[in-house]
Each structure stands twice: as structure tokens, then as C-alpha cells.
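Participant: Read left to right, the sequence shown gives residues 1015 to 1262 (our numbering).
From the three backbone atoms N, C-alpha and C, an ideal C-beta is built for every residue, glycine too.
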Amino acid sequence: MRERVEQKDAEAREKIMESTLEKPVASLTVDDVYDVAKAIGAEVEKLIDSFGKEAVVGLVPKIVRVLELLESFAARSQSCTSKEEELLKAYETFQAQQQQQQQKKKKKAVKEADDDSVSKETRQDLQQKEDGWHRRSKELEAQVLQLQEQNQELMDQLRISTSQEDRAQRQEREVMLKLKAVVDKQRDEIRAKTLELSSLSKEVEAVRIPFMFCCTGALRAMRACSVHTHSDLEKMCPGLKSVCFFHP
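1. Ordered along the chain, which non-local residues of its own chain (more than five positions away) have a Cβ less than 7 Å from that of R1090?
2. Which residues in the same chain have their Cβ closer than 7 Å to the Cβ of V1257, if we skip the five residues on either side of it in sequence?
3. Which of the three DSSP states, helix, strand or coil, is assigned to S1033?
4. Excluding the five sequence neighbours on either side, which residues of its own chain have a C-beta within less than 8 Å of the C-beta of L1154, listed in chain order?
5. Could you check how far apart the C-beta atoms of D1046 and K1052 are, in whole angstroms? I think they sit under 8 Å.
6. Taking a contact to mean a Cβ-Cβ separation below 8 Å, would you say F1087 touches L1193 in this structure?
7. Around the C-beta of L1191, are 16 or more other C-beta atoms found within 10 angstroms, so that it is buried, or is it exposed?
8. Just how far apart, CA to CA, sit Q1164 and Q1092?
9. Below 8 Å on the Cβ atoms is my guess for L1042 versus C1094; work out the distance and round it to an integer in Å.
10. Considering Cα atoms alone, identify which of V1044, Y1048, L1073, D1049 is closest to V985.
11. Skipping 5 residues on each side, what residues in its chain have a beta carbon closer than 6 Å to that of L1081?
12. Between E1099, Q1142, R1150, I1077, which lies nearest to E1111 when the distance is taken from Cα to Cα?
13. With DSSP as the reference, label L1159 as helix, strand or coil.
14. What three-state label does DSSP hand P1075 in the structure shown?
15. Just to confirm the assignment: which complete alpha helix (DSSP H) runs, minimum length 4, are found wholly within the segment 1039-1107?
16. Is V1132 helix, strand or coil by DSSP?
17. Quick one, which of K1122, D1170, Q1115 has its alpha-carbon nearest E1144's?
18. Around the C-beta of L1159, are 16 or more other C-beta atoms found within 10 angstroms, so that it is buried, or is it exposed?
What follows is the structure, given as C-alpha cells:
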């Protein structure tokens, strides 16, 4: 049951990771960065379970630093995007108001030209207001362009940081794969040597037991032969008893 729950959690994290990575760089949010961090953390835990903490000692600080940079870029990008949207809305509202004002002024100017009842001061006042609207419009356009440039710089920096992170991950993955290959090879060699040693031990044991029986039989035969030889010599030469080397 626990394994099923963990598998479902892993699949959910994988889906979130894929959907986040498919987003354009400019639309990444701080929450997206947190989702990426959770997914990477799960992968790091798998590496620790497989190879131990020593295998990720050098990798974890780099990942943390890249995630911090990514979070900072996402926060700044969100802030710039919000300001840009606010300025764009203000600019659009301003343009709509300006168009309405221009239409009203045109209608009023036509009417005033027809009536010829508008004084010179009124016309000057209208001109000043129109000039003020134009200046304000140019200021808003300049601010929008500046924010767009800042946002583009942030996106370029974020692309560079993401590229560096991918390269570091590829290098770490290659190291892990090489380490795993070496470990697997050594494990197979140890297993083969262990089987060979066990086989040799069985062969030695199989040869030792018959050899012990043969040695025991030969020793008994030598002792029996020695006894018989001594007895025959005593019968033939009783005087040799005191100097016989085969004394029982």
C-alpha cells in the first residue's frame, strides 16, 4: 500500500515537472520553481538510496544555488511582468481617453469654428492640455519599452543559468553511470571469485577424504609388516634382539 502511494506521488511530481519545463521561460513563476525543486529533491533522494550520501555531496550545493538563482529570476520576472501589464493597461486606458478627448475636441472645434464664439484663451488652454496629453503618452511609452528591455535581459540570464544547470546535471549523471558500472563490474567479479573459491574448496575436500583413508591404510600396513619382520628375525637370530632396530 505504501509503495503504491509513493509511486502515485512520484508520477504526480513527474507530471508537474514536465508541465513546468514545457512552459516558456518568461512565464515561469516562483511556485513553478518550488515544484521543480521538489522533483529534483526526490531524484536526489533516489541517488542517495542507491549510492549513498557521498555520491551527491558535490551536486546538492550546486543544485540549491541554481534553484535560488532561478527563484530570484522568476520573482523579478513576475514583478516586471506585473508592472508591464499595469503600464500597458494604463497606456491603453490613456489612449482610449485621448481618442475620446480628441473626438470631443474635434466635434467641439467644428462647432466652435461654425459658431466662431470661442475665445483665443480657450483655444490656447485646449492646446496646452493636448500637449500635456502627448507628453504623458510619450513618457508611458518610454517606461513600457524600458520594462520590456529589462524583462528581456532577465529572460536571457535565465536561459544561460538553465543551460549551465543542464550541463552540470549531465556531467553528474555521467559520473554516476560510470560509478555504477564500476560497482556492478566489481560485484560480478567478487561473485565469480566466491563461486570459484567454493568450487575449489569442494574439490579439495573431495580429494582429502580418500587421501586420508589411503594414508591410514598404508600406515597400518607398514606397522603390521614391521611387526612380522621383527618376529621372523628373532626366530632366525635370537641374539639380534638386543640390537634390533624394529623393537615393537
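Facilitator: Quick answer:
1. So the list reads L1168, once near-sequence residues are dropped.
2. Annotation note: pLDDT 45 at V1257 (below 50); position unreliable, no value reported.
3. Residue state, collapsed to three classes: helix.
4. Annotation for L1154: L1101, A1104, Y1105, F1108 place their beta carbon closer than 8 Å to its own, counting only its chain and skipping 5 residues before and after.
5. Going by Cβ atoms, the distance from D1046 to K1052 rounds to 11 Å, so no, they are not a contact pair.
6. With respect to the 8 Å criterion, F1087 and L1193 are not classified as neighbours on the basis of their beta carbons.
7. Counting of Cβ neighbours within 10 angstroms places L1191 among the exposed residues, the total staying below 16.
8. The straight-line gap from Cα to Cα measures roughly 12 Å.
9. Taking a contact as a CB-CB distance under 8 Å, the pair L1042 and C1094 does not count as one, their CB atoms being some 13 Å apart.
10. Because the chain spans 1015 through 1262 in this model, residue 985 falls outside it and cannot be assessed.
11. Counting only Cβ-Cβ distances below 6 Å, and skipping sequence neighbours, we find A1051.
12. It should be noted that the sequence gives Gln, not Glu, for residue 1111. Of the candidates E1099, Q1142, R1150, I1077, the residue whose Cα lies closest to the Cα of Q1111 is R1150.
13. In the structure shown, L1159 sits in a helix (DSSP, three-state: H, G or I).
14. P1075 falls in the helix class under three-state DSSP.
15. You should have 1044-1065.
16. In this predicted model, V1132 has a pLDDT of only 49, less than 50, meaning its place in the structure is not dependable enough to derive any value.
17. Checking every option, the nearest Cα to that of E1144 belongs to Q1115.
18. So L1159 counts as exposed.
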